[in-house]
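Trainee: Going by the numbering used here, the first residue of the sequence shown is number 3, and it counts up by one from there.
Think of the CB as a built atom: it goes at the ideal place given N, C-alpha and C, for glycine as much as any other residue.
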Amino acid sequence: MKIGIIGSGYVGLVTGACFAHLGHQVLCVDNDVKKIEMLKRGKSPIYEPGLESMLKENIRRKRLSFATKVDRATRQCEILFICVNTPPKMNGEADLSFVENVSREIARNLKDYRLIVEKSTVPVQTGEWIHKTIKQIQASESLFDVASNPEFLREGSAIHDFLNPDRVILGVSNARAEKILRKLYAPLKANLVVTDLKSAEIIKHASNSFLATKISFINAVARVCDATGADINNVALGMGLDPRIGPSFLNAGIGFGGFCFPKDLSAFLRMSERLGVRFDMLKEALTINDEQKKYFIQKIENTIWNLTDKTLAVLGLSFKPNTDDIRYAPAIDIIRELQHEKVKIRAYDPEAMTRAKQELRDVKFCRNAYETVRNADALLLMTEWDEFVDLDYKRIKKLMRHPVLFDGRNALNPAEMRKIGFKYCGIGRG
Ligand SMILES: NC(=O)c1ccc[n+]([C@@H]2O[C@H](COP(=O)([O-])OP(=O)(O)OC[C@H]3O[C@@H](n4cnc5c(N)ncnc54)[C@H](O)[C@@H]3O)[C@@H](O)[C@H]2O)c1
């Protein structure tokens, strides 16, 4: 099949590379000319394990190409996936102007039947808007269908997730669209959930909101543990063994971030309000998440007293391991907040340094973890990259001015760290 991907970011590129890997002809479009130039040279503009080699392989096999204009994809491809960004507006609603622009461009170039699939995360009823917008420009409804196929990949394991999905959601309005999407996804042998468009849209927002709420729940429980001397890891273990609860997303820490959870939770909340549905639980999940960063800073102050002129070593800038994505990363917010208190920051991340350098000012970026901790008054572990868990902490201790360790991800063993001589502070670990 000929597939057009519009928006070649984290989701679009992985989707395009994986469909090419499955043998389809894929054209990835992006209006960022620099990005497309890089991609044409076989270079990935983002860090995602396995992506660059998959891109190179499929370019070599002539199954994957790149363009800057949507009209080329509309002319050449039977299926068009909209994978553009849907960032939050100031009021928390999703900004759908990118989706609208793409819909208009598709409509203007529509000559033969095309299936237009929203893969970007969008609020319920966006599919109806896309349909209405295209119809206004291109009156013939027989020339197109709109479908919803939300994406559940996780950055850091995106290729594996795409090729081995828990489920594939197909939101369709007729048998024609369903048939095409069933055929496209058949090689993955996935659980298909075929539903109407609006339900598909809600599935994505409700799933992300639920997961984010689960994280806020365990973070609130962690504060109760801190207040009483209990250990959140044992509490989470005891809770998670109940199959009705499950162990995942019960890791207490400095809160959720990334391009999905904060914005999807806000967008779902705003959409519910707009529909007249009170959903304050989502509001509280957001509030707990914001407070969690302040809670971490408070812990630092309670332990090292004044922040002014202290040197803090930050390990981890990306919002989670195995990605270079720093969008809404708790580490970035916490660093900014600490800088207001005149803290000197030294920082290192295995993959996110280039992006972080564009966002942060007055940070001393270091070449590795050991250089970062030199003469630091405390170490803040903000992202649980494997390489940080495997560091030689005896050496780290020797390099620091004061051996104080704030484990923002509960990634280290408190007893081991204390034995080495650190003052160890986790989240909810008594
Ligand atoms: N990143 C994730 O882990 C993830 C997972 C599931 C769903 N999503 C959703 O997928 C969507 C995309 O997310 P992302 O992380 O890939 O974003 P991204 O910012 O990495 O990529 C979006 C791309 O779209 C391009 N674009 C914008 N307008 C365009 C236009 N008119 N024509 C061509 N290209 C255009 C941008 O230049 C950018 O490269 C969002 O709705 C997001 O919520 C993201």
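From the DSSP secondary-structure annotation, give me the bridge partner or partners of S144.
Mentor: Looking up residue 144 in the sequence shown gives position 142. Partner(s): none; S144 has no beta bridge.
Trainee: Using only the heavy atoms of ligand 1, determine whether one of them is closer than 7 angstroms to the beta carbon of E343.
Mentor: Translated into the one-based positions of the sequence shown, residue 343 becomes position 341. It does not: the Cβ of E343 is nowhere closer than 7 angstroms to a heavy atom of ligand 1.
Trainee: Is A354 helix, strand or coil when you go by DSSP?
Mentor: Reading the sequence shown from its first residue, position 352 is the one you call residue 354. Three-state result, A354: coil.
Trainee: Would you decide whether Y115 is buried or exposed? Buried here means 16 or more other CB atoms lie within 10 Å of its CB.
Mentor: Taking the first residue of the sequence shown as position 1, residue 115 is located at position 113. It is exposed - the Cβ of Y115 has fewer than 16 other Cβ atoms within 10 Å.
Trainee: Following a CB-centred definition, is G11 positioned closer than 7 angstroms to any heavy atom of ligand 1?
Mentor: To locate residue 11, count along the sequence shown from 1; it is residue 9. It does: the Cβ of G11 is within 7 angstroms (strictly closer) of some heavy atom of ligand 1.
Trainee: Which whole-angstrom value is the C-beta distance of D233 and G410, which I expect to be below 8 angstroms?
Mentor: As a first step, residue 233 must be located in the sequence shown, where it is residue number 231. As a first step, residue 410 must be located in the sequence shown, where it is residue number 408. Not quite, the Cβ-Cβ distance comes to about 16 angstroms (not below 8 angstroms), so this is no contact.
Trainee: Can you tell me where the beta strand (DSSP E) with S67 in it begins and where it stops?
Mentor: For this step, residue 67 is matched to residue 65 along the sequence shown. Element bounds for S67: 66 to 69.
Trainee: Would you tell me roughly how many angstroms separate the C-alpha atoms of N236 and N193, rounded to the nearest one?
Mentor: The residue you call residue 236 lines up with position 234 of the sequence shown. The residue you call residue 193 lines up with position 191 of the sequence shown. Approximately 34 angstroms between the Cα atoms of the pair.
Trainee: Can G242 be considered in contact with ligand 2, in the sense that its beta carbon sits closer than 7 angstroms to one or more heavy atoms?
Mentor: No copy of ligand 2 appears in this structure; the ligands present are ligand 1.
Trainee: Measure from the alpha carbon of C368 to the alpha carbon of each residue in I61, P189, L314, then state which is nearest.
Mentor: Locating residue 368 in the sequence shown gives position 366, counting from the first residue. Ranking I61, P189, L314 by Cα distance to C368 puts L314 first.
Trainee: Considering only the alpha carbon of each residue, which of P264, D266, I220 lies closest to L252?
Mentor: Translated into the one-based positions of the sequence shown, residue 252 becomes position 250. When each option's Cα is compared against that of L252, the closest is I220.
Trainee: Is the beta carbon of S122 closer than 8 angstroms to that of C79?
Mentor: Counting from one through the sequence shown, the residue named residue 79 turns up at place 77. Counting from one through the sequence shown, the residue named residue 122 turns up at place 120. Not a contact, by the Cβ cut-off of 8 angstroms.
Trainee: Is it the case that the CB of E157 approaches a heavy atom of ligand 1 more closely than 7 angstroms?
Mentor: By one-based count along the sequence shown, residue 157 stands at place 155. Indeed, a heavy atom of ligand 1 lies less than 7 angstroms from the Cβ.
Trainee: Mind reading off the beta-carbon distance from R74 to V28? Whole number of angstroms is fine, and I expect it under 8 angstroms.
Mentor: Start at 1 with the first residue of the sequence shown, and residue 74 comes out as number 72. Start at 1 with the first residue of the sequence shown, and residue 28 comes out as number 26. No, R74 and V28 are not in contact; Cβ-Cβ is about 13 angstroms, not under 8 angstroms.
Trainee: Please confirm whether L155 and L172 have their CB atoms less than 8 angstroms apart.
Mentor: Locating residue 155 in the sequence shown gives position 153, where the first residue counts as 1. Locating residue 172 in the sequence shown gives position 170, where the first residue counts as 1. Cβ distance not < 8 angstroms, so L155 and L172 don't count as in contact.
Trainee: Just how far apart, CA to CA, sit A141 and D147?
Mentor: If you number the sequence shown from 1, residue 141 lands on position 139. If you number the sequence shown from 1, residue 147 lands on position 145. If you take the alpha carbons of A141 and D147, they lie about 13 angstroms apart.
Trainee: Tell me the rounded alpha-carbon separation between K36 and L15.
Mentor: Counting from 1 along the sequence shown, the entry for residue 36 is found at position 34. Counting from 1 along the sequence shown, the entry for residue 15 is found at position 13. One C-alpha to the other measures close to 15 angstroms.
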